[in-house]
Amino acid sequence: LPAVDVIVPSFNEDPGILSACLASIADQDYPGELRVYVVDDGSRNREAILRVRAFYSRDPRFSFILLPENVGKRKAQIAAIGQSSGDLVLNVDSDSTIAIDVVSKLASKMRDPEVGAVMGQLTASNSGDTWLTKLIDMEYWLACNEERAAQSRFGAVMCCCGPCAMYRRSALASLLDQYETQLSRGKLSDFGEDRHLTILMLKAGFRTEYVPNAIVATVVPDTLKSYLRQQLRWARSTFRDTFLALPLLRGLNPFLTFDVVGQNIGPLLLALSVVTGLAHFITTATVPWWTILIIASITIIRC
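Residue numbers are given in UniProt numbering: position 107 of the sequence shown equals residue 107, and the series is strictly consecutive.
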């Protein structure tokens, strides 16, 4: 069985949430070699993290890397990759917990040498907190079991999400320089890590797939402000990395081309329709039928 290295980047994480994450990893039923690298990325609550480290110091599978300052998720991941040597690398976000068989199920999918990355099914661990978290949980189900499942049918999941994404080390090693040095507006990028790494895998000729029975629960935003901030960050990543993915479209199934184009053109058309509708209403006190039709159509398509 391939050795698996689990990397958990953490920054200012609640120690209780981090402990739950690590407990779910410690309980994995994977019969092969499993090593866990927890990277504290210069957290301000370092003392609390040290208490978590003290608890897991009795488990030889766990190693803690304490970075002196905050350097971002990419460099935190790379710090752990440099100290590890497993055949497969699993990223688990520090606010996520994974089902007991996740490593086994993802590793099983990686038996195919053409597969470079796989992801599990996301759920909201706090879905019962507010109406918003419940809706986000539903959104995750649709995103995974419709969008990702369809993309996986063609071996081209466009974003293997960070809460639970496994990579083949031999493929990952050749992409780290590109991954670490991605620029955004002339500066090193500090967002969109998951999508960018997935696109790099596809560009390198590897398949990326979705494993629906590998379940991960992650904490989702419970206020509109935090949700909108998250969505804005994800949208920036989607638009930016779509340009990187454009050369791939010629070799992909037409469905995937439609899907990628729709993800980017749809929101732009929706925004344009809202703006023109408001302008028309301000000047004429009416809203044209075509504005309502476009908004309704795009909303239905996106859902």
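Glycine included, C-beta positions come from ideal geometry on N, C-alpha and C.
This one's a predicted model, so the numbers in the text were calculated from it and none came from an experiment.
- Message: Could you give the first and the last residue of the continuous beta strand (DSSP E) run that contains L88?
- Response: 88-91
- Message: Any contact between the region 103-114 and the region 24-34? By contact I mean 3 or more CB pairs, one from each, below 8 Å.
- Response: yes
- Query: So what does DSSP say about P288, is it helix, strand or coil?
  - Reply: If DSSP states are grouped into helix, strand and coil, P288 belongs with coil.
- Outcome for P68 when other beta-carbon atoms lying within 10 angstroms are tallied against a minimum of 16: exposed
- Can you name the start and end residues of the beta strand (DSSP E) that D41 belongs to? 34-41
- Message: Quick test of the definition: if touching needs 3 or more C-beta pairs under 8 Å, does the region 249-260 touch the region 142-156?
- Response: yes
- Contact check, F206 vs V115, beta carbons under 8 Å: yes
- Query: When the Cα atoms are used, what is the spatial distance from D137 to Y167?
  - Reply: 25 Å
- Query: From A99 to L272, what does the alpha carbon distance come to, in whole angstroms?
  - Reply: 42 Å
- Message: Suppose the cutoff is 7 Å on Cβ atoms and the five residues either side in sequence are ignored; what does the same chain contact list for F281 look like?
- Response: V287
- Going by alpha carbons, who is nearest to N145 out of P212, V71, F11? Shortest Cα-Cα distance from N145 to any of P212, V71, F11 involves P212.
- Query: Count the other CB atoms within 10 Å of the CB of Q231; is the residue buried (16 or more) or exposed (fewer)?
  - Reply: exposed
- Count the other C-beta atoms from every protein chain shown that fall within 10 angstroms of the C-beta of G120, then say buried if there are 16 or more, exposed otherwise. buried
- Task: Determine the direct distance from the alpha carbon of N12 to that of A23, and round the result to whole angstroms.
- Result: Roughly 18 Å separates the two Cα atoms.
- Message: With distance defined between alpha-carbon atoms, name the residue in V216, V4, S226, I265 nearest to T238.
- Response: Measuring from the Cα of T238, the nearest candidate turns out to be I265.
- Message: Need the endpoints of the alpha helix (DSSP H) that Y167 sits in, please.
- Response: Counting along the chain, Y167 falls outside any alpha helix (DSSP H), though it belongs to the beta strand (DSSP E) covering 165-168.
- Task: Per DSSP, which residues does V71 bridge with? Please list them.
- Result: Residue pairing by DSSP places V71 opposite no residue, since no beta bridge is assigned to it.
- Whole-angstrom Cβ separation of P2 and D87, contact assumed at under 8 Å? 4 Å
- Helix or strand or just coil, what does DSSP make of T257? helix
- Message: According to DSSP, simplified to helix, strand and coil, what is P2?
- Response: coil
- Delimiting residues of the beta strand (DSSP E) encompassing S125: First-last for S125: undefined, no H or E at that position.
- Item | L278 versus L293: straight-line alpha-carbon distance, rounded | Each residue's CA atom was taken as its position, placing L278 and L293 some 14 Å apart.
- Which residues in the same chain have their Cβ closer than 6 Å to the Cβ of V8, if we skip the five residues on either side of it in sequence? V38, V92, S94
- Message: Looking only at its chain, what residues have a beta carbon closer than 7 Å to the beta carbon of T198, apart from the 5 residues adjacent to it on each side?
- Response: A117, V157, M158, C159, C160, T208
- Item | Rounded straight-line distance, which links the Cα of L228 to that of T130 | Between T130 and L228, the C-alpha separation is close to 16 Å.
- Counting only the same chain and skipping the five closest in sequence on each side, list residues whose C-beta sits under 8 Å from that of L15. It is Pro, not Leu, that sits at residue 15 in the sequence shown. For P15, where only same-chain residues beyond five positions count, the Cβ hits under 8 Å are N45, A48, I49, R51, V52.
- Message: Within the continuous alpha helix (DSSP H) that includes E139, where are the two ends?
- Response: Element bounds for E139: 131-142.
- Message: Helix, strand or coil for T218? Go by DSSP, reduced to three states.
- Response: strand
- Query: How close, in whole Å, do the beta carbons of Y210 and R148 come, if the pair is a contact with beta carbons under 8 Å?
  - Reply: 4 Å
- Query: Straight-line CA distance for S96 to W141?
  - Reply: 16 Å
- Task: Could you tell me how far apart the beta carbons of D190 and G72 are, in whole angstroms, since I believe they sit closer than 8 Å?
- Result: 5 Å
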